[in-house]
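Report on one structure; see the data block that follows.
Residue numbers (the UniProt record's numbering): 1 to 223.
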């Protein structure tokens, strides 16, 4: 006699790239044909690999969001650093140049008044015969110009000469520059510094100190 046949099929999803499906079937037969027989069938269903969604984020970085760089300060003085003798003249016919440079990829802005964005600030109390005196005023009024070789990255000025410049200790002067001086701008301010070394005082100052009872090198003396 014909057998009745009932089958069930279920699909179990998984998070792998090869989910599996299981199938079970139960066959029934009259008692004279033997006991009930259960058939278990397992099959594998190949599905396309699961695709992981991706997202990309893009944006524009403006120069004004970039931190301002440090100014590179150099001079044309012998040895690369300024001394008291350099400020007093030093016997050189060629003016000493003070230069400030921007590291790449920064560039100076195309501003005819570029020098107005740079200022000199003493690190400590300005000495009265040093930056705090006439020479300091001359330096603050000096004109910044673009360097002939690297006009887009280097500014320079002629260091003023003043015979009355005397310092009892080294003077460190900071150059502070506004972000507006940089092409495209930057975040913050630009800073650089240079030091003027207090070297041996001229003989005239030593002689004057001897007659006035002032110890040479301890107190600034004007001539």
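We treat Cβ as the ideally placed atom computed from N, Cα and C, and that holds for glycine.
Residue j beta carbon less than 9 Å from that of residue i
i, j, result
"residue 84", "residue 175", "no"
"residue 194", "residue 124", "no"
"residue 154", "residue 86", "no"
"residue 121", "residue 196", "no"
"residue 111", "residue 169", "no"
"residue 103", "residue 70", "yes"
"residue 126", "residue 133", "yes"
For residue i, three-class secondary structure by DSSP
i, result
"residue 144", "coil"
"residue 34", "Model confidence at residue 34 stands at a pLDDT of 48, short of 50, so the residue's coordinates are unreliable and nothing is read from them."
"residue 175", "strand"
"residue 193", "strand"
"residue 181", "helix"
"residue 153", "coil"
For residue j and residue i, the rounded distance between their alpha carbons
i, j, result
"residue 78", "residue 97", "11 Å"
"residue 117", "residue 199", "31 Å"
"residue 144", "residue 163", "22 Å"
"residue 183", "residue 147", "16 Å"
"residue 152", "residue 99", "13 Å"
"residue 88", "residue 65", "43 Å"
"residue 192", "residue 185", "17 Å"
"residue 190", "residue 76", "22 Å"
"residue 149", "residue 115", "18 Å"
"residue 72", "residue 101", "5 Å"
"residue 109", "residue 157", "17 Å"
"residue 93", "residue 113", "29 Å"
Close-in-space but distant-in-sequence residues of the same chain around residue i (CB under 7 Å, 5 per side omitted)
i, result
"residue 188", "67, 68, 179"
"residue 119", "176"
"residue 138", "160, 162"
"residue 165", "84, 87, 88, 129, 130, 135"
Cut-off 6 Å between Cβ atoms - residues of its own chain near residue i, not counting five sequence neighbours on either side
i, result
"residue 130", "167, 171"
"residue 140", "120"
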